[in-house]
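Each remark here refers to the structure printed beneath this line.
Numbering (our numbering), first residue to last: 34 to 218.
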C-alpha cells in the first residue's frame with residue numbers, strides 16, 4: 034500500500050497538482066509540532082503543494098518534509114498514519130481503510146463515500162447520527178489493495194469545471210492580499 038500512496042503523490046506532483054493528505058496525527062511515529070497534534074489529532078490535513086519548498090523525501094517508512102506551522106518544522110508522517118490521498122482541487126483520490134483511525138467509519142451515500150465520526154454517532158436508538166457533507170466531487174475510494182470504486186454520481190471529466198491556470202490561481206491569491214499602511218513613524 035505504501036508504494037501506491039507514494040505513486041499517487043508523485044503522479045499528482047508530476048501533473049502540477051497538489052496532493053492533500055489526511056493524517057492521523059496521534060498515530061505512532063508522527064512528528065509534527067505538539068500543538069498541531071493536539072488541535073488536529075485524528076484528522077490533520079496536509080497539503081504537499083509543489084509550489085512550496087517542502088524538502089520532500091519519501092522512503093520505506095514514510096514521508097519526511099518541511100512544513101510551516103507559523104515557522105518551518107521538519108515533519109515525519111509514517112505511511113500507516115496516512116488514510117486519505119486526494120487531489121486538493123477535485124477531491125478525487127484514495128481512502129486507505131486499514132489506516133483509518135478507529136474514530137471514523139466509512140458510509141456509502143448516493144453522493145459517494147463519507148467519513149463518519151464515531152464520536153457523533155447516536156447513543157440512543159431514536160437519534161439520527163450526524164453525517165459529514167460529501168464533497169461536490171466525491172472521493173474515489175480504494176478498499177485495501179482493490180481497484181478504485183467511483184461513485185455513479187461522480188462527475189465525468191467533461192462535466193468537471195476546467196482547471197485554472199497557474200497565472201489565474203496566482204492572481205486570485207494576490208487579490209486576497211491587502212496593503213496595510215503602517216502610518217508615520
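Heads up, the beta-carbon is just placed ideally off N, CA and C, and yes, glycines get one too.
Quick one: grab the DSSP three-state call for residue 101.
On the chain shown, residue 101 is found 68 positions in, with the first residue counted as 1. Correct three-state label for residue 101: strand.
What are the complete alpha helix (DSSP H) segments, minimum 4 residues, inside the stretch 40 to 87?
67 to 73
Within 8 Å, do at least three Cβ pairs link the stretch 89 to 100 to the stretch 118 to 129?
At 8 Å Cβ cutoff, the stretches do not touch.
Would residue 112 be called buried (16 or more neighbouring beta carbons within 10 Å of its own) or exposed?
For this step, residue 112 is matched to residue 79 along the chain shown. Around the beta-carbon of residue 112, 16 or more other beta-carbon atoms lie within 10 Å, marking it buried.
Candidates 70, 122 and 75: closest to residue 46 by CA position
Position 13 of the chain shown, counting from 1, holds the residue named residue 46. Of the candidates 70, 122 and 75, the one whose C-alpha sits nearest the C-alpha of residue 46 is 122.
Beta-bridge partners of residue 120, as assigned by DSSP:
The count along the chain shown starts at 1 and reaches residue 120 at position 87. Residue pairing of residue 120 in beta bridges, as defined by DSSP: 52.
Which same chain residues end up closer than 6 Å to residue 114 when comparing Cβ atoms and leaving out the 5 residues on each side of it in sequence?
Mapped onto the chain shown, residue 114 falls at position 81. Hits under 6 Å: 56, 57, 60 and 63.
Where does residue 110 sit, in a helix, a strand or coil, going by DSSP?
Here residue 110 corresponds to residue number 77 of the chain shown, with the count starting at 1. Three-state result, residue 110: strand.
Contacting residues, own chain, Cβ-Cβ under 7 Å from residue 150 (five flanking each side not counted)
Translated into the one-based positions of the chain shown, residue 150 becomes position 117. Excluding positions up to five away in sequence, the list reads 136 and 137.
Would DSSP call residue 143 helix, strand or coil?
Position 110 of the chain shown, counted from the first residue, corresponds to residue 143. In this structure, residue 143 counts as coil in the three-state DSSP scheme.
For residue 14, does the count of other Cβ atoms within 10 angstroms reach 16, so buried, or fall short, so exposed?
Any answer about residue 14 is impossible in this case: the structure gives the chain only from 34 up to 218.
For residue 81 and residue 54, what's the separation of their Cα atoms in angstroms?
In the chain shown, residue 81 corresponds to position 48, counting from 1. In the chain shown, residue 54 corresponds to position 21, counting from 1. The straight-line gap from Cα to Cα measures roughly 8 Å.
Going by C-alpha to C-alpha distance, which of 141, 142, 118 and 140 sits closest to residue 40?
For the purposes of this step, residue 40 is taken as residue 7 along the chain shown, with counting starting at 1. Of 141, 142, 118 and 140, the residue nearest in Cα terms is 118.
If residue 219 sits next to residue 83, beta carbons under 8 Å apart, how far is it from one beta carbon to the other, in whole angstroms?
It is not possible to answer for residue 219, since the shown part of the chain is limited to 34 through 218.
Helix, strand or coil at residue 200 [DSSP, three-state]:
On the chain shown, residue 200 is found 167 positions in, with the first residue counted as 1. Here residue 200 sits in helix by DSSP.
Which residue's Cα is closest to the Cα of residue 78: 69, 86 and 85?
As a position in the chain shown, residue 78 is number 45, starting the count at 1. Closest by alpha carbon: 69.
Endpoints, beta strand (DSSP E) assigned at residue 127:
Here residue 127 refers to the residue found at position 94 when the chain shown is read from its first residue. Start and end: 126 to 128.
Distance between residue 141 and residue 108 (C-alpha atoms, nearest Å)
Indexing the chain shown from 1 puts residue 108 at position 75. Indexing the chain shown from 1 puts residue 141 at position 108. Per the coordinates, the alpha-carbon of residue 108 lies some 33 Å from the alpha-carbon of residue 141.
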